[in-house]
Amino acid sequence: DAKTTQPPSMDCAEGRAANLPCNHSTISGNEYVYWYRQIHSQGPQYIIHGLKNNETNEMASLIITEDRKSSTLILPHATLRDTAVYYCIVRADSGGGADGLTFGKGTHLIIQP
Amino acid sequence: GAVVSQHPSWVICKSGTSVKIECRSLDFQATTMFWYRQFPKQSLMLMATSNEGSKATYEQGVEKDKFLINHASLTLSTLTVTSAHPEDSSFYICSALPEYEQFFGPGTRLTVL
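Going line by line, the protein sequences match chains A and B. For what it's worth, the numbering used here labels the leading residue of the first sequence as 552, then goes sequentially. For what it's worth, the numbering used here labels the leading residue of the second sequence as 362, then goes sequentially.
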């Protein structure tokens with residue numbers, strides 16, 4: 552699976568959009584971009600994933616650049632409960648395979664009141 | 362979404378004893394479950410892949426005789442930490458794969474005195 556690079560921490564004001572970047576310059580054509588988050592002392596939570604098109608769900612939007620070498624997770628209206636470590640993971644299958652996930656260090660997003 | 366539970370949520374034991382942690386998929390069946398470990402201020406590390414009806418697959422550096430995994434049914438996997446020592450104190454998290462994305466349990470905090 553391709554390596555990802557994320558900033559170690561970010562701050563965002565409550566109510567504003569939080570934009571979390573991820574670089575994955577060595578991504579292969581069949582690799583998906585996944586985002587998970589982990590609130591302190593809890594198990595990780597799936598957020599969203601995509602291959603090359605932008606994706607949106609009830610939690611967030613995922614913007615993938617045309618060359619697929621980077622992506623941005625957008626939380627449109629951040630709340631204090633969005634404070635967590637956000638992990639960007641690149642993997643070759645759509646999740647239906649039997650491989651565990653490789654977590655990097657992630658970005659610690661702190662939402663400020 | 363799919364729900365994964367773990368029991369117990371926390372456990373304190375004496376050095377040399379064995380501890381069993383259960384991981385259950387509550388509303389789906391999971392042929393494959395995963396076990397992760399997370400030390401303080403670090404990211405999750407995959408320990409092993411648990412397959413229903415067959416032997417678990419362990420990641421490099423994880424002792425299979427120390428971390429016994431049993432996946433006896435499609436809704437239950439257990440991790441037994443045998444002869445636990447203080448260095449085994451960690452946050453143990455399981456995940457299950459109903460279809461395309463992994464759903465994580467809430468984690469079990471193990472403290473070995």
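Ideal placement from N, C-alpha and C gives every residue a C-beta, glycine not left out.
| message | What residue range does the beta strand (DSSP E) around R642(A) cover? | response | For R642(A), the enclosing beta strand (DSSP E) has its first and last residue at 635 to 642.
| Quick one: is Q663(A) buried, meaning 16 or more other Cβ sit within 10 Å of its Cβ, or exposed? | So Q663(A) ends up on the exposed side.
| Inter-residue spacing [alpha-carbon to alpha-carbon] between C384(B) and S366(B) | Between the C-alpha atoms of C384(B) and S366(B) there is a straight-line separation of about 6 Å.
| request: Can you give me the start and stop residues for the beta strand (DSSP E) that K620(A) sits inside? | output: That residue, K620(A), is in no beta strand (DSSP E); it is neither H nor E in DSSP.
| Should the stretch 390 to 399 of chain B be called in touch with the stretch 598 to 607 of chain A, which here means at least 3 C-beta pairs below 8 Å? | With a cut-off of 8 Å, the stretch 598 to 607 of chain A and the stretch 390 to 399 of chain B do not count as touching, because too few Cβ pairs lie within range.
| query | If we cut at 8 Å on Cβ distances, does T572(A) have a partner in chain B? | reply | A small fix is needed here, since residue 572(A) is Pro in this sequence, not Thr. Interface residue (Cβ-Cβ distance to chain B less than 8 Å): P572(A) is not classified as such.
| query | For L440(B), which of helix, strand or coil comes out of DSSP? | reply | DSSP places L440(B) in strand when its eight states are reduced to three.
| Which listed residue (P595(A), T555(A), L571(A)) has its alpha carbon closest to that of S579(A) | The residue from P595(A), T555(A), L571(A) with its alpha-carbon nearest to that of S579(A) is T555(A).
| message | Let's test the definition: count the other Cβ atoms within 10 Å of the Cβ of G647(A) and tell me whether it reaches 16, buried, or not, exposed. | response | Any reading at G647(A) needs caution, since the residue's pLDDT is 49, under 50, leaving its predicted position unreliable; the model's value is listed next. Exposed: under 16 other Cβ atoms inside 10 Å.
| task | Select from the stretch 384 to 406 of chain B all residues with a C-beta closer than 9 Å to any C-beta belonging to chain A, and list them in chain order. | result | Those residues of the stretch 384 to 406 of chain B that come within reach of chain A (Cβ to Cβ, closer than 9 Å) are T392, T393, F395, W396, Y397, Q399, Q403, S404, L405, M406.
| message | Using only the alpha-carbon positions, how far apart do V473(B) and E448(B) sit? | response | Each residue's alpha carbon lies about 8 Å from the other.
| field | Beta-carbon neighbours of T653(A), restricted to chain B and to distances below 8 Å | value | In chain order: L407.
| message | Closer than 9 Å between beta carbons: that is the criterion. Which residues of the stretch 583 to 599 of chain A meet it against chain B? | response | Here the close residues are Y585, Y587, Q589, S592, Q593, G594, P595, Q596, Y597.
| For T418(B), which residues does DSSP report across the bridge? | Per DSSP, T410(B).
| request: Can you tell me which of D388(B), F389(B), Q399(B), S444(B) puts its alpha carbon nearest to the alpha carbon of F428(B)? | output: Taking F428(B) as reference, the option from D388(B), F389(B), Q399(B), S444(B) with the minimal CA-CA separation is S444(B).
| field | Enclosing beta strand (DSSP E) for Q596(A) [first to last residue] | value | That run of the beta strand (DSSP E) goes 596 to 601.
| Closer than 8 Å, CB to CB, is K656(A) near chain B or not? | Yes, K656(A) counts as interfacial toward chain B.
| task | Could you name the residues of the same chain whose beta carbon sits closer than 6 Å to that of A564(A), not counting the 5 residues immediately before and after it, in chain order? | result | Counting only Cβ-Cβ distances below 6 Å, and skipping sequence neighbours, we find Q663.
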